[in-house]
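To keep things clear, I will list the structure first and then write my remarks on it.
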Amino acid sequence: MAFRLFVPILAGATLRERLLACIGATIGIALTGVISGLAMGNGPHVAMLVAPMGASAVLLFAVPSSPLAQPWSIIGGNTISALVGVTVAHFVHNPVIASGLAVALAIAAMSFTRSLHPPGGAAALTGVLGGPAVISAGFLFPFVPVALNSIILVTLGFLFHKLSRRNYPHVPQPAANSHGTADRPPAERVGFRPEDVDAALAALDETFDIDRDDIERLLRQVELQAMVRAHRTLLCRDIMSRDVISMSESATADEARKQLLDHNTRTLPVVDAEARLVGAVG
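Counting from 1 along the sequence shown, just add 1149 to a position and that's the residue number in our numbering.
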């Protein structure tokens, strides 16, 4: 069970996808530093990179379909957040208060401008705690190097994803109607409806890192797979329990009663020392 803590939680995260992410991040970050350094006239120095670009690269290359990894999210989120951080630092001189206020206002600003991007929080903090280099740059810092880095990184990401045949910027593919009419495809005329997805999201009252249209497309595919499975021959192994709760034949009646109540079941198999079925208790 302990090893489950190390299992990736991202859906569809294959080895190929992770390797592509590593290669893309290597190329993206290295070239962003080189190009930014040349653009600033100081040579190809990695010092021309700001730290939030590392987190942006994780999103851009590892989860390019995420709404948080789209071009406007990266460029707008980082730039706007850095501007918020520099502005807060200009008016609030207590670093502790300024740090908290900068991140909070950055989240608000990104939300209102539809550019929510987690590394933006780091960009806001950099604007407050960046040290002499940020202070000397002043209100130029959000644009050079933050916006410059972001634009270069997104451009490189776009080219890399094109070469690796990934869909970026991510646009949910609408279901096509083969008859060329305005009707929804036949498979979408039964089962759940788009308003059901909206109602479910409202009922769950949580924020998910996936586009709403992608959720509907995923559910349609799940529904299709379930229908295919349901129409084949149903075998006992398809419905039988695998994590079987059983009792040893040497267990007491009180132990059996506790197991029945704990697992909300009416009958438990009783097994011998070699795990062979010898009876049942209920």
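Using N, Cα and C, we set each Cβ at its ideal position, and we do this for glycine too. As the structure is a computational prediction, the values presented were derived from the model and not from experiment.
- By DSSP's assignment, P1267 forms no beta bridge with any residue.
- For the beta strand (DSSP E) assignment, the segment 1356-1419 encloses no uninterrupted run of at least 3 residues.
- Assigned with DSSP and collapsed to three states, L1198 falls in coil, not helix or strand.
- Secondary structure in the segment 1208-1256: the alpha helix (DSSP H) runs of 4 residues or longer, each lying completely within the stretch, are 1220-1240 in chain order.
- In this structure, DSSP gives V1320 a state outside helix and strand, which the three-state scheme calls coil.
- In this model, L1312 and P1318 are separated by some 13 Å (Cα to Cα).
- When rounded, the separation of the alpha-carbon atoms in L1302 and H1380 is 48 Å.
- Beta-bridge analysis with DSSP links V1430 to L1417.
- From the listed residues P1244, V1377, G1276 and G1225, the smallest Cα separation to A1200 is found for G1276.
- L1417 places its beta carbon 8 Å or farther from that of V1427.
- Two segments are said to touch when three or more pairs of C-beta atoms, one from each, lie closer than 8 Å; by this definition the segment 1233-1246 does not touch the segment 1171-1191.
- Your pair I1178 and M1202 checks out as a contact, with CB atoms roughly 7 Å apart and the cut at 8 Å.
- In this structure, F1292 and T1228 form a Cβ contact; the two beta carbons are roughly 7 Å apart against a cut-off of 8 Å.
- Here the C-alpha atom of S1248 lies approximately 18 Å from the C-alpha atom of L1265.
- Contact check for A1218 and V1212: beta-carbon distance about 6 Å, within the 8 Å limit, so the pair qualifies.
- Scanning its chain for C-beta atoms nearer than 6 Å, with the 5 sequence neighbours on each side dropped, one finds around S1214 the residues H1319, in chain order.
- For E1166, the uninterrupted alpha helix (DSSP H) run begins and ends at L1164 to A1188, by DSSP.
- Between M1389 and Q1408, the gap from beta carbon to beta carbon reaches 8 Å or more.
- Within the same chain, and ignoring the five residues on either side of T1181 in sequence, the residues whose Cβ sits closer than 7 Å to its Cβ are L1198, M1202, N1298, I1301, L1302 and L1305.
- With contacts defined as CB atoms closer than 8 Å, I1223 and L1209 qualify as a contacting pair.
- Non-local C-beta neighbours of P1216 in its own chain, meaning closer than 6 Å and more than five positions away in sequence, comprise D1360, ordered along the chain.
- The Cβ neighbour count for L1274, taken over all protein chains shown within 10 Å, is at least 16; the residue is labelled buried.
- Out of M1189, R1263 and L1254, the CA that lies nearest to the CA of W1221 is found in R1263.
- For L1305, the enclosing alpha helix (DSSP H) begins and ends at L1297 to L1312.
- Taking C-beta atoms as the reference points, I1176 and F1307 fail to come closer than 8 Å.
- Residue environment analysis places F1261 among the exposed positions, since fewer than 16 neighbouring C-beta atoms fall within 10 angstroms of its C-beta.
- Burial is judged here by how many other beta carbons sit within 10 angstroms of a residue's own beta carbon; M1376 has fewer than 16 and is exposed.
- Relative to L1278, the option among F1357, A1238 and L1350 whose CA is nearest is A1238.
- Contact check for A1348 against P1267 fails: the beta carbons are separated by 8 Å or more.
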